[in-house]
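J.: Please see the structure below; I have some questions.
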Amino acid sequence: MSSARLAASQVQGARSRRDQAEWLTFAAFVGPNLLLLAIFSYWPLIQNVALSFTEWDMIAPVKRFVGLDNWVFVLTSNRFWQIVLNTATFMLGSVGLTLVIGLGVALLLNQRLRFRDTARTILFTPTVLSGAAVAIVWYFIFDPNWGMLKTALGWVGLPSPRWVVDSHWAMPAVIIVYVWKTVGYAAVIFLAGLQGIPKELYEAARVDGANAWQRFRAVTLPGLTPITFFLLVTTILLSFQAFDIINVMTFGGPVIATTTLLYEYYNQAFVGFHAGTAAVYAITLFVLMLVLTIVQLRYVERRVTYG
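Position one of the sequence shown corresponds to residue 232 (our numbering), numbered consecutively onward.
Here it is, written out as structure tokens:
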């Protein structure tokens, strides 16, 4: 009986040592990453929340506690809600056009074209260019006085909108430039997804008498749902982070026609030196991005077809 207990004790001890070794290995690999994440992500977030309850000009050594004053000031101002509307408009316009145009271009490049590889390279090039450089080039195109677009429309007798200086046209101009820069990224990802759909599915649909539109609906779209979901999440997050194009082309104007939450955060923090108010805008942007991501992961992903 004692020998059986001894054997069981030895087995349990060996298992405990193995579990301990596995835990130490896990901690050795994951621990440094979690530490870096805590230092550079979670701690700044906590600091930012604390900063939103203070008044600080980023110069004085002392921060003055003001409670909820910053939150009340921001959330009750018409400027804040106009900026939220601008952010939503930019996000919906840029993401929608990027996905639709990107899918269309990918479908075209998926055909047996003679210069497909060259076209793919040209299409993807704007994605890797500096946003500021792209904005400068497009500003010369949209310039209301001597821009290339104004000149071209003048040749055919058409009036040119005052793109970057008219509050009604500034946002469309910024969206156009942003889409031009990012559509190549979406097209290349879509193209990879199209090439991953088994050809047998198209052949089976063709045998069943499905026309091109029916094959697109029954085979292509379901096969692209994982790619589409990935692009939807990433392009939405990237649109919230758009800054350089807006800063170069419109400076958030005219008035605040193209000011987004991120750009207003920059204005409050590094132009007006209102760190507390800037923190409110930063937290609002973070919460908005977090909520949209959770909604997509919980509800939109249900429509994704894997395999």
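From the three backbone atoms N, C-alpha and C, an ideal C-beta is built for every residue, glycine too.
Along the chain, where does the alpha helix (DSSP H) containing G327 start, and where does it finish?
T.: Locating residue 327 in the sequence shown gives position 96, where the first residue counts as 1. Per DSSP, G327 belongs to the alpha helix (DSSP H) from 309-340.
J.: Classify V242 as helix, strand or coil using the three-state DSSP reduction.
T.: Here residue 242 refers to the residue found at position 11 when the sequence shown is read from its first residue. Here V242 scores only 48 on pLDDT, less than 50, and its place in the model should not be relied on; the value that follows carries that caveat. Residue state, collapsed to three classes: helix.
J.: Could you check which residue in G388, T489, N341 has the C-alpha nearest to that of V543?
T.: Because the chain in this structure spans residues 232 to 538, residue 543 falls outside the shown range and cannot be described.
J.: Rounded to whole angstroms, what is the Cα-Cα separation between M232 and P457?
T.: As a working mapping, residue 232 is identified with position 1 in the sequence shown. As a working mapping, residue 457 is identified with position 226 in the sequence shown. Interpretation of M232 is limited by its pLDDT of 49, a score under 50 that renders its predicted location unreliable; the figure taken from the coordinates is listed afterwards. Distance between the alpha carbons of M232 and P457 is about 59 Å.
J.: Answer yes if the segment 320-330 comes into contact with the segment 408-426, meaning at least three C-beta pairs across the two stretches below 8 Å, and no otherwise.
T.: yes
J.: Under DSSP, the alpha helix (DSSP H) around T456 begins and ends at which residues?
T.: Here residue 456 refers to the residue found at position 225 when the sequence shown is read from its first residue. Start and end: 452-471.
J.: Can you tell me whether M232 is helix, strand or coil according to DSSP?
T.: Within the sequence shown, the letter at position 1 stands for residue 232. Residue placement at M232 is poorly supported in this model, since its pLDDT is 49, which falls under 50; the coordinates are not used for a value here.
J.: R347 by DSSP, collapsed to three states: which one?
T.: As a position in the sequence shown, residue 347 is number 116, starting the count at 1. Helix at R347.
J.: Keeping to the same chain, check which residues put their C-beta closer than 6 Å to that of F311; ignore five residues upstream and five downstream.
T.: Within the sequence shown, numbered from 1, the residue matching residue 311 stands at position 80. Excluding sequence neighbours, F311 sits near V305.
J.: According to DSSP, is R393 part of a helix, a strand, or is it coil?
T.: On the sequence shown, position 162 is the one that residue 393 refers to. In the structure shown, R393 sits in coil (DSSP, three-state: anything other than H, G, I, E or B).
J.: On the CB-based measure, 16 or more other CB atoms within 10 Å of its CB, does V522 come out buried or exposed?
T.: As a working note, residue 522 is residue 291 in the sequence shown. Burial call: exposed.
J.: Among the candidates A423, P375, F517, S391, whose CA atom is the shortest distance from the CA of L462?
T.: Looking up residue 462 in the sequence shown gives position 231. Ranking A423, P375, F517, S391 by CA distance to the CA of L462 puts A423 first.
J.: What span of residues does the alpha helix (DSSP H) with M520 cover, start to end?
T.: Numbered from 1 along the sequence shown, position 289 holds the residue referred to as residue 520. Taken as a continuous stretch (DSSP letters only), the alpha helix (DSSP H) holding M520 covers 506-529.
J.: For S470 versus S308, is the C-beta spacing smaller than 8 Å?
T.: In the sequence shown, residue 470 corresponds to position 239, counting from 1. In the sequence shown, residue 308 corresponds to position 77, counting from 1. Contact: no.
J.: What residue does the alpha helix (DSSP H) around V368 start on, and which one ends it?
T.: Your numbering for residue 368 matches position 137 in the sequence shown. Taken as a continuous stretch (DSSP letters only), the alpha helix (DSSP H) holding V368 covers 362-373.
J.: Starting from Y494, trace the alpha helix (DSSP H) in both directions and tell me its first and last residue.
T.: The residue you call residue 494 lines up with position 263 of the sequence shown. Residues 492-497.
J.: Shortest alpha-carbon distance to S391 belongs to which of S398, G378, N341, P403?
T.: Position 160 of the sequence shown holds residue 391. Minimum Cα distance to S391 is reached at G378.
J.: From the DSSP output, in three-state form, read off F296 for me.
T.: Translated into the one-based positions of the sequence shown, residue 296 becomes position 65. Looking at F296 - three-state DSSP - the assignment turns out to be strand.
J.: In chain order, what residues of the same chain have a beta carbon less than 6 Å from the beta carbon of V242, not counting five sequence neighbours either side?
T.: In the sequence shown, counting from the first residue as 1, residue 242 sits at position 11. Only weak support is given to the placement of V242: the predicted model assigns it a pLDDT of 48, under 50, and the question is left unresolved by the model.
J.: Can you tell me the Cα-Cα spacing of L268 and Q445, whole angstroms?
T.: Locating residue 268 in the sequence shown gives position 37, where the first residue counts as 1. Locating residue 445 in the sequence shown gives position 214, where the first residue counts as 1. For L268 and Q445, the gap between their C-alpha atoms comes out near 47 Å.
J.: Give a yes or no on whether the C-beta atoms belonging to K294 and W287 are separated by under 8 Å.
T.: Counted from its first residue, the sequence shown places residue 294 at position 63. Counted from its first residue, the sequence shown places residue 287 at position 56. The answer is yes: Cβ separation under 8 Å.
J.: Please report the straight-line C-alpha distance between I406 and L255, rounded to a whole angstrom.
T.: In the sequence shown, residue 406 corresponds to position 175, counting from 1. In the sequence shown, residue 255 corresponds to position 24, counting from 1. Distance between the alpha carbons of I406 and L255 is about 50 Å.
J.: Determine the contact status of P485 and V396, defining contact as a CB-CB distance below 8 Å.
T.: Locating residue 485 in the sequence shown gives position 254, counting from the first residue. Locating residue 396 in the sequence shown gives position 165, counting from the first residue. The answer is yes: Cβ separation under 8 Å.
J.: Alpha helix (DSSP H) containing P403: first to last residue?
T.: Taking the sequence shown and counting its residues from 1, one reaches residue 403 at position 172. From DSSP, the alpha helix (DSSP H) with P403 extends over 401-426.
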